[in-house]
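A.B. asks: The sequence shown: position 70 = 70 (the working numbering), numbered continuously. Each residue gets a CB set at the ideal place from its N, CA and C atoms; glycine is no exception. Because the structure is a prediction, the values reported are computed rather than measured. Dropping the structure in here first, questions after.
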Amino acid sequence: MTSAPPTTGDLPDQPTLPQLLARNAREYPRLPGLSWQAADGDGDWTTLSWAEIHAHTRSLAAGYRALGIGRGDHVLLMMANRPEHWLSDLALVRLGAIPVSVYGTAAPEQITHIARNCRARLAVVEGAAQVAVWEPLLADAGTPLERLVVAEAGAEDGHFPYAALLREPVPEEFDKEVDAARPEDPLTVVYTSGTTGEPKGVVLTHREVMANALALDAVVELPPHVEHICYLPLAHIAERMLGIYLPCHRASHVRLCAEPTRVGEVVRKVRPAQFFGVPRIWEKLSAAVRAVLSLMPAEQREVIDRAFEVAREHVGYRERGETPPAELEERYVRVRTDVLLPMLAAGGLDRVTWSASASAPMSADVVRFWAGFGIVIMDAWGLTETTGVATSNSPKTGFRLGSVGRPVESVEIRIAEDGEILVRGSSVFSGYLQSDGSVRSALDADGWLATGDIGRTDEDGYLWLTDRKKELIITSTGKNVSPALVENALKEHPLIGQAMVHGDNCSYLVALLVLDAEAAPAWAAANGVTAERGLAGLAEHPLVRAEVDRAVAAANTRLNRTEQVKRYELLAEEWGPATGELTPSLKMRRRVIRDKYADELSGLYRD
Numbered sequence: 001m002t003s004a005p006p007t008t009g010d011l012p013d014q015p016t017l018p019q020l021l022a023r024n025a026r027e028y029p030r031l032p033g034l035s036w037q038a039a040d041g042d043g044d045w046t047t048l049s050w051a052e053i054h055a056h057t058r059s060l061a062a063g064y065r066a067l068g069i070g071r072g073d074h075v076l077l078m079m080a081n082r083p084e085h086w087l088s089d090l091a092l093v094r095l096g097a098i099p100v101s102v103y104g105t106a107a108p109e110q111i112t113h114i115a116r117n118c119r120a121r122l123a124v125v126e127g128a129a130q131v132a133v134w135e136p137l138l139a140d141a142g143t144p145l146e147r148l149v150v151a152e153a154g155a156e157d158g159h160f161p162y163a164a165l166l167r168e169p170v171p172e173e174f175d176k177e178v179d180a181a182r183p184e185d186p187l188t189v190v191y192t193s194g195t196t197g198e199p200k201g202v203v204l205t206h207r208e209v210m211a212n213a214l215a216l217d218a219v220v221e222l223p224p225h226v227e228h229i230c231y232l233p234l235a236h237i238a239e240r241m242l243g244i245y246l247p248c249h250r251a252s253h254v255r256l257c258a259e260p261t262r263v264g265e266v267v268r269k270v271r272p273a274q275f276f277g278v279p280r281i282w283e284k285l286s287a288a289v290r291a292v293l294s295l296m297p298a299e300q301r302e303v304i305d306r307a308f309e310v311a312r313e314h315v316g317y318r319e320r321g322e323t324p325p326a327e328l329e330e331r332y333v334r335v336r337t338d339v340l341l342p343m344l345a346a347g348g349l350d351r352v353t354w355s356a357s358a359s360a361p362m363s364a365d366v367v368r369f370w371a372g373f374g375i376v377i378m379d380a381w382g383l384t385e386t387t388g389v390a391t392s393n394s395p396k397t398g399f400r401l402g403s404v405g406r407p408v409e410s411v412e413i414r415i416a417e418d419g420e421i422l423v424r425g426s427s428v429f430s431g432y433l434q435s436d437g438s439v440r441s442a443l444d445a446d447g448w449l450a451t452g453d454i455g456r457t458d459e460d461g462y463l464w465l466t467d468r469k470k471e472l473i474i475t476s477t478g479k480n481v482s483p484a485l486v487e488n489a490l491k492e493h494p495l496i497g498q499a500m501v502h503g504d505n506c507s508y509l510v511a512l513l514v515l516d517a518e519a520a521p522a523w524a525a526a527n528g529v530t531a532e533r534g535l536a537g538l539a540e541h542p543l544v545r546a547e548v549d550r551a552v553a554a555a556n557t558r559l560n561r562t563e564q565v566k567r568y569e570l571l572a573e574e575w576g577p578a579t580g581e582l583t584p585s586l587k588m589r590r591r592v593i594r595d596k597y598a599d600e601l602s603g604l605y606r607d
């Protein structure tokens, strides 16, 4: 079955989000639209149907209107993936206001910048911890913020309680104020996560979002009304598309996961047909599975390895656009039923028909690993400025493992002389929000956006990423090196969970390597290594160090001389958003890591 969205004859060619909500309530009133569990993840799911969502967001919109929010106003939202966040987003859109989600890990100075840039007078925050961060802005003369709404009951501390927003009954005349959005109106502003510099406010309209939704439907294969596990931050364009806009477009079912570390548990419960993960998520999942495999008896592992070979051969035919021979098809069906599906079922991935990744170059080793299960990760590429996906691999239109696919229908791409990827089309953003309320375009005279990414296209039109233009390492000899290429080669060994290479203006490359929290203990157990102090002890153990030496040497054999790592520092503390080394979408903040480990990096260049 395909993911063709529900259609009705009375929808315009360019529908707005409120029109889609009304369609869903009218045509699919009893279908589940939104589900969530208690904050601790225990207990049953609470579910709202599409008719209930429509009624609830009308009441909620009336509450925001009573607080003085109207058409064109920006409203800031800093909450986890909880119903108050999701429903407020839609309610504000119905009111004609512009919801702006803020990363929960944003630094105070970033929050201040965003609040001043979008001139929001209202922020909706989760609880006491967020109130403490936002409250000083109420007294800041340079920030227009006037009021906080607090979602958690009992955490208001004098601020407006979220529960009081729900207004019943809603005055009939209020209906004249809602659902009047036009395709060219701003739907949201998404602030870039800030790997470098201050976040920029990307203005996205109803028209641009709907163009991208239609383009995505042309390349994916999903059951109607498919379930989606919403676990990435709603401040990220990927989750806004997958967790809000596409479900409205498809009348599908969103299951909120407020704590991203619990996504594996939710996947096991829900057994979704689709699953999207940024590369770090797929890396962690593969490390966890590999850790289990490493502890299995040799006879059992042999059976699994043979099944992997059959699945990868089957994927190879599909990648070439060929029909697998009948004999291979029969073997694949057998090993999938007897070996692969039971293993996938243990992790809740046995019903996945569409799996995808984006945000950063994916390690070829991770892609090959999942191909062994018959799962082809449809790698995609895009930016916040392209409303998410601009190119994608597709089970319908073709894929190449290691590439990020071909352009979707709403965009075209070309490669500049210096290798930078340029893009234009109907889903490319309107421009960046300025503090005076204007929108500054970033397109050239012909409508092209310079993306800052470096890549190439092959003879079949598939795009292959090299790296971010600003992140290319230029050595003292003038050679350009893609750090992602080297880092992915290093991470092919299961012991290495994270890697960052360094070498700008230096004669050779060095690396910071982080032991994988799941795979390292499993490797140690399988190799008779014991160490006190957990990962810290393993990082100092001579047998672990010797194995990492071999991993670096093996990676170097696949790299040219300029790309090879001469020295490294092995770390035991995993990098993450909470400690600042990763963005909320799990991309590396190289400058933060370089500053934090400046002494270690300098030491790697000492004789």
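1) Look at the alpha carbon of Gly-603 and the alpha carbon of Arg-567, and state the distance between them as a whole number of angstroms.
2) Give me the Cα-Cα distance between Ala-218 and Ile-496, rounded to the nearest whole angstrom.
3) To which residues of the same chain is Ala-91 closer than 7 angstroms at the C-beta, ignoring the five residues directly before and after it?
4) Using a beta-carbon distance below 8 angstroms, is Asp-453 in contact with chain B?
5) Would you identify the three-state DSSP class for Thr-195, choosing helix, strand or coil?
6) Whole angstroms are fine: how far does the CA of Gly-104 sit from the CA of Ala-531?
7) Tell me whether Leu-463 is buried or exposed, calling it buried when 16 or more other Cβ atoms sit within 10 Å of its Cβ.
8) If we ignore side chains and look at the alpha-carbon of each, how far apart do Leu-187 and His-206 end up?
9) For Ser-363 versus Glu-283, is the C-beta distance shorter than 8 angstroms?
10) Between Pro-169, Leu-485, Pro-183, Asn-505, which lies nearest to Thr-475 when the distance is taken from Cα to Cα?
11) So within the segment 107–181, which uninterrupted beta strand (DSSP E) runs reach at least 3 residues, ignoring any that extend past its ends?
12) Please state the DSSP three-state secondary structure of Asp-467.
13) Check whether the segment 426–442 and the segment 252–265 are in contact - that is, three or more C-beta pairs closer than 8 angstroms.
14) Enumerate in chain order the residues of its own chain whose CB-to-CB distance from His-159 is below 6 angstroms, with the five nearest sequence positions on each side excluded.
15) Compute the Euclidean distance between the alpha carbons of Trp-45 and Thr-192, then round it to the nearest angstrom.
16) What three-state label does DSSP hand Tyr-614 in the structure shown?
17) What does a CB cutoff of less than 8 angstroms around Thr-457 pick up in its chain, not counting 5 residues either side in sequence?
18) Mapping the DSSP letters down to three states, classify Thr-188 as helix, strand or coil.
19) For Thr-195, which residues from the same chain have a beta carbon less than 7 angstroms from its beta carbon, with the 5 sequence-adjacent residues on both sides left out?
20) Assign Asp-305 to one of three DSSP states: helix, strand, or coil.
21) My output table needs one value for His-74: the three-state DSSP class, helix, strand or coil.
22) Quick one: what's Arg-456 bridged to in DSSP?
23) Going by CA-CA distance only, name the one from Leu-138, Val-75, Glu-184 that's closest to Glu-146.
24) Count the other C-beta atoms from every protein chain shown that fall within 10 angstroms of the C-beta of Ala-555, then say buried if there are 16 or more, exposed otherwise.
25) Using the three-state DSSP reduction, which class does Val-254 fall into: helix, strand or coil?
26) Taking DSSP as the reference, what is the three-state secondary structure of Ile-53?
27) Starting from Gly-277, trace the alpha helix (DSSP H) in both directions and tell me its first and last residue.
28) Per DSSP, which residues does Ile-237 bridge with? Please list them.
29) Leaving out the 5 sequence neighbours to the left and right, which residues in its chain are closer than 8 angstroms to Ser-435 when beta-carbon positions are compared?
30) Taking the alpha carbon of Pro-161 as the reference point, which residue from Pro-144, Glu-184, Leu-122 has its own alpha carbon closest?
31) Which residue or residues does DSSP assign as beta-bridge partners of Met-500?
32) With a CB to CB cut of under 6 angstroms and the five nearest residues on each side skipped, what residues in its chain are close to His-74?
33) Do you know how far the Cα of Val-102 is from the Cα of Val-125?
34) To which residues of the same chain is Lys-469 closer than 6 angstroms at the C-beta, ignoring the five residues directly before and after it?
35) Should Leu-571 go down as buried or exposed, given a rule of 16 or more other Cβ atoms within 10 Å for buried?
36) Beta-carbon within less than 6 angstroms of Trp-523's beta-carbon, same chain only, minus the 5 sequence neighbours each way: which residues are those?
C.D. replies: For this structure:
1) 10 angstroms
2) 37 angstroms
3) Thr-57, Leu-60, Ala-61, Tyr-64
4) Protein chains in the displayed structure number just one, and chain B is not present.
5) Reliability fails at Thr-195, whose pLDDT of 49 lies under 50, so the model's placement of it is uncertain and the value that follows must be treated cautiously. Three-state DSSP puts Thr-195 in coil, outside helix and strand.
6) 36 angstroms
7) buried
8) 5 angstroms
9) yes
10) Asn-505
11) 122–125, 147–150
12) strand
13) no
14) Leu-148, Val-150
15) 32 angstroms
16) Any property of residue 614 remains undetermined from this structure, which presents the chain solely from 1 to 607.
17) Ile-413, Ile-415, Leu-463, Trp-464
18) strand
19) Note that Thr-195 has pLDDT 49, beneath the 50 cutoff, so the model's placement of it is unreliable and the number below is only indicative. Counting only Cβ-Cβ distances below 7 angstroms, and skipping sequence neighbours, we find Thr-583, Lys-587, Arg-589.
20) helix
21) strand
22) Trp-464
23) Leu-138
24) buried
25) strand
26) helix
27) Here Gly-277 belongs to no alpha helix (DSSP H), and DSSP marks it neither H nor E.
28) Answer is none; Ile-237 lacks a bridge partner.
29) Arg-116, Asn-117, Arg-119
30) Leu-122
31) Leu-512
32) Ile-98, Val-100, Cys-118, Ala-120
33) 10 angstroms
34) Glu-420, Gly-452, Ile-454
35) buried
36) Leu-495
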